[in-house]
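A.B. asks: First to last, the sequence lines map onto chains A and B. Under this note's numbering, think of the first position of the first sequence as 189, with each following residue one higher. Under this note's numbering, think of the first position of the second sequence as 517, with each following residue one higher. No residue lacks a Cβ here, since even glycine has one placed at the ideal position from N, Cα and C. Pasting in a structure now, in structure tokens, and then I'll have a few things to ask.
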Amino acid sequence: MRKRATAGGIVASAAILALGWHLGADQVAATTVPATGTAAGGAATPSASSGATPSSTASPSATATPTTGTGTTKSSGKAAISGTFQGTTEQTQFGPMQVEIVVAAGKITDVKALQLTNQGGRSVEISNYAAPILRTEALNAQSASIQSVSGATYTSGGYISSLQSAIDKAGL
Amino acid sequence: MTVHVFDTMGTVASLHTAEPLSHVDLAAVEAIFVRYDRTYSLYDAASDLSRVASGDVRLSETSSEIRDTYALALDWRQKTDGLFTPHRPDDVVDLSGVVKALAIDEAGTLLSGSTDDWLLTVGGDILGSRGVDSVDWSVGVVDPDDRGRLIGIAGLGSARRALATSGIAERGEHIWSRNGRSHYVQATVAADDIVTADVLATAIIAGTPDDLDRISSQWDVDVLTVDRDGAMRGTPGAAEWTRRCAAAATERASTPSV
């Protein structure tokens with residue numbers, strides 16, 4: 189785990205991504221899905237700590253273009269890379285998967301796991317998982333500026349005492 | 517802003533428009549709901565579908581519109597691996613799971629012919645439209661544990677047009693869970709169309725956490741759920757609703773009351 193600790197400044201998602209980047213999209217799928225309960229196992233490789241540098245297996249897409257490298261980066265000694273990079277396609281439980289990263293000035297700014305085919309025949313991000321949300325104090329509906337409310341269906345009788353009724357009366 | 521409220525399908529519909537609609541337009545919208553109700557309601561013994569349920573008429577003998585609706589529901593059953601189904605445990609064909617959404621959808625098409633800015637809410641299912649220069653409608657998601665409170669505020673009209681919530685709380689809405697007891701007590705889905713939002717909200721309530729993951733990853737939707745312990749889960753898009761809600765609460769708390 190020491191190697192992971194040395195990853196310094198790299199956020200967890202980027203580290204997971206870098207790991208998946210090198211080990212294949214399957215790992216990304218496994219590590220980003222809370223429901224599977226499959227942990228990354230701390231198998232971070234030294235190359236994962238570099239994070240911002242696509243490995244040699246990466247095939248830069250046409251959109252990968254060098255930039256003027258504005259701003260400061262910690263990856264001193266290397267040309268600041270910017271662009272969108274796609275990994276190789278892997279077969280996973282979700283179907284063919286491909287990882288895409290967006291790099292700006294040598295830093296990974298976005299990570300997407302693309303599912304290449306689904307029922308609609310279009311690529312979707314499998315990162316659209318419902319993650320736990322901490323419950324903050326709920327908002328008293330009377331104090332919100334809303335025009336409608338969504339909840340379990342109310343009956344005609346239940347409408348009278350519903351939020352929607354109050355909103356409708358207020359003519360918001 | 518004007519609001520027109522009318523009873524339909526055992527619940528109440530609220531239609532918000534930026535400009536008042538003509539009586540003719542309002543009557544046409546209401547007529548759509550009346551037509552769907554007369555055709556599909558199982559609470560009306562004279563409806564076409566009630567006559568199928570009672571055995572007076574075969575489904576294959578009904579109008580092509582009813583058979584198309586049934587085919588649509590079967591298609592959704594297949595897409596959701598049976599989580600959504602038009603078949604009640606007693607084998608009665610119940611199309612209420614798609615009919616309200618279909619009526620809202622048709623009403624929306626009609627409304628868009630008259631105005632760019634409208635928001636139609638029918639018993640908690642919402643479809644909205646916004647003109648290019650207007651900000652989105654703000655729509656609250658009710659806290660299932662306290663219906664006077666909100667757990668999220670979503671924007672509706674431009675990027676997302678439809679929002680639907682299924683729950684086991686209020687009407688005992690007939691959601692037939694494969695597992696008996698639902699894991700989630702409330703599921704809210706935002707999608708580009710109301711049928712998708714409504715069906716998937718129903719499917720999530722009937723399903724497991726694994727089903728939720730599969731649905732949120734397979735469709736272009738935002739999902740917010742509340743489980744039996746009150747714990748919430750949300751896709752990135754839905755997490756934004758809760759942040760907006762929390763920000764409004766904070767703002768409220770820091771503003772001295774007048």
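(1) Where do the N-terminal and C-terminal ends of the beta strand (DSSP E) with PRO320/A fall, by residue?
(2) Assuming contact is defined by CB atoms lying nearer than 9 Å, are VAL705/B and THR724/B in contact in what I supplied?
(3) Here's a check: name, in chain order, each residue in its chain whose Cβ is nearer than 8 Å to the Cβ of TYR556/B, leaving out the five neighbours to either side.
(4) Would ALA765/B and ALA670/B be called neighbours here (beta carbons separated by less than 9 Å)?
(5) Contact defined as beta carbons within less than 8 Å: I believe GLY779/B pairs with TYR559/B. What is the distance between those atoms, to the nearest angstrom?
(6) Report yes if the C-beta distance between GLY640/B and GLY345/A is below 9 Å; otherwise report no.
(7) Report yes or no: is there a C-beta of chain A within less than 9 Å of the C-beta of ARG749/B?
(8) What residues in its chain sit with their C-beta under 6 Å from that of TYR342/A, if we drop five residues either side in the sequence?
(9) For VAL287/A, is the classification buried or exposed, using 16 other Cβ atoms within 10 angstroms of its Cβ as the cut-off for buried?
(10) Count the other C-beta atoms from every protein chain shown that fall within 10 angstroms of the C-beta of SER570/B, then say buried if there are 16 or more, exposed otherwise.
(11) Got a sec? Which residues, its chain only, sit under 7 Å from ILE321/A by beta carbon, not counting five neighbours each side?
(12) I'd like to know whether the C-beta of ARG554/B is nearer than 9 Å to at least one C-beta of chain A.
(13) I need the DSSP call for LEU531/B, collapsed to helix, strand or coil.
(14) According to a CB-to-CB cut-off of less than 9 Å, which residues of the region 527-548 of chain B neighbour chain A?
(15) Under 8 Å between beta-carbons, which chain B residues line up against VAL337/A? List them in chain order, please.
(16) Please tell me whether ALA534/B and SER630/B are closer than 9 Å, where the distance is taken between their beta carbons.
(17) For chain A, check one thing: does any of its Cβ atoms lie closer than 9 Å to the Cβ of ASP564/B?
(18) What number of angstroms, rounded off, separates the C-alpha of ILE721/B from the C-alpha of THR596/B?
(19) Is it buried or exposed, PRO660/B, if we count other Cβ atoms within 10 angstroms and call 16 or more buried?
C.D. replies: Taking the structure as given:
(1) 319-321
(2) no
(3) SER563, ASP564, LEU565, ILE582, THR585, LEU611, SER612 and VAL615
(4) no
(5) Nothing about residue 779/B can be read from this structure; chain B reaches only from 517 to 774.
(6) no
(7) yes
(8) SER350
(9) buried
(10) exposed
(11) none
(12) no
(13) strand
(14) THR527, VAL528, SER530 and HIS532
(15) THR637, GLY640, VAL655, GLY656, VAL657, VAL658 and LEU666
(16) no
(17) no
(18) 12 Å
(19) buried
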